[in-house]
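So the mapping is simple: the working numbering equals the position in the sequence shown, first residue as 1, plus 799. What follows is one structure encoded as structure tokens, with my remarks underneath.
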Amino acid sequence: MLARIAVLVSGGGTNLQALLDAQRAGKLPHGEIVLVLSSKEGAYALERAQKAGVETKVLPRKEFVCQEDFDRELVGVLQEKQIDLVILAGFMTILGAAVIRAYPDRILNVHPALLPAFGGKGFYGLRVHEAVLAAGVNMTGATVHLVNEVPDGGRILLQKQVPVCEGDTPEILQKRVMEQAEWLLLPRAAEMLSEQIVKGTETK
800 MLARIAVLVS
810 GGGTNLQALL
820 DAQRAGKLPH
830 GEIVLVLSSK
840 EGAYALERAQ
850 KAGVETKVLP
860 RKEFVCQEDF
870 DRELVGVLQE
880 KQIDLVILAG
890 FMTILGAAVI
900 RAYPDRILNV
910 HPALLPAFGG
920 KGFYGLRVHE
930 AVLAAGVNMT
940 GATVHLVNEV
950 PDGGRILLQK
960 QVPVCEGDTP
970 EILQKRVMEQ
980 AEWLLLPRAA
990 EMLSEQIVKG
1000 TETK
């Protein structure tokens, strides 16, 4: 038995690609990515998924009047596909309480900083790296954490430090953090939770 994984995306899907590459390399022995769901049509991440032979679905947030309707539809899709583990990989839509309740301690997110620093509401994408550079720190990194109802507030599972170098721009720093931390940590955390899910099911 393998843990069934859904990856939620909104953009280019570089973290998704890291997960797909890890799966292909045998680094995800207890899990399988069975669904890639995007909150935006035309996201390049969908193309990455299709090339890997993974089923895709688009659930445009803008088509839903309220958060509750979106959450209900999302939970319905995840349950229909019998998803065990949800991974947020550049998913730019906040998850509501209904989704978090449906998957307690089963939603992973990667954040491009060493939480709790440079986290919380409004800290996403390049904004994080801009804030890091503005603060003048010499070390940043990435964090993989469980998702709860507090933005970036869930239990931390893995962190990795990455140096901030002289002359860094937000774009250069973003690339270094992705390559040296995010793309390594996310597959590792996915396997960690997948193994827990599989072994937990086996012992029931």
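Just so you know, even glycine gets a beta-carbon here, dropped at the ideal spot from N, CA and C.
query                                                                                                                 : result
Outcome for L819 when other beta-carbon atoms lying within 10 angstroms are tallied against a minimum of 16           : buried
Given 8 Å, three or more beta-carbon pairs between the stretch 962–981 and the stretch 922–931                        : yes
Contacting residues, own chain, Cβ-Cβ under 6 Å from W982 (five flanking each side not counted)                       : A817
6 Å CB neighbourhood of D883 in its chain, flanking five on each side removed                                         : A802, R803, I996
Alpha-carbon to alpha-carbon, I832 and K826                                                                           : 12 Å
Segments assigned beta strand (DSSP E), at least 3 residues, entirely inside the stretch 858–944                      : 884–887, 906–910
Span separating the alpha-carbon of G875 from that of A901                                                            : 10 Å
6 Å Cβ shell around G953 - same chain, five flanking residues per side excluded                                       : H944, L945, V946, N947
Extent of the continuous alpha helix (DSSP H) run through R847                                                        : 843–850
CA-to-CA distance, V808 to L887, given in whole angstroms                                                             : 7 Å
Under the three-state DSSP convention, the category V997 falls into                                                   : helix
Residues of its chain near R987, where Cβ-Cβ distance is below 7 Å and the 5 sequence neighbours each way are ignored : L957
Residues sharing a beta bridge with I832, DSSP                                                                        : I804
Where the alpha helix (DSSP H) containing P969 begins and where it ends                                               : 969–976
Top-ranked residue by Cα proximity to L894, from K880, Q878, R871                                                     : R871
Backbone CA spacing between Q878 and A805 [nearest angstrom]                                                          : 11 Å
Nearest-angstrom beta carbon gap, V963 and V936 [assumed within contact, 8 Å]                                         : 6 Å
Test item: CB-CB of L845 and V909 under 8 Å                                                                           : no
Alpha carbon of E862 to alpha carbon of S838, nearest angstrom                                                        : 10 Å
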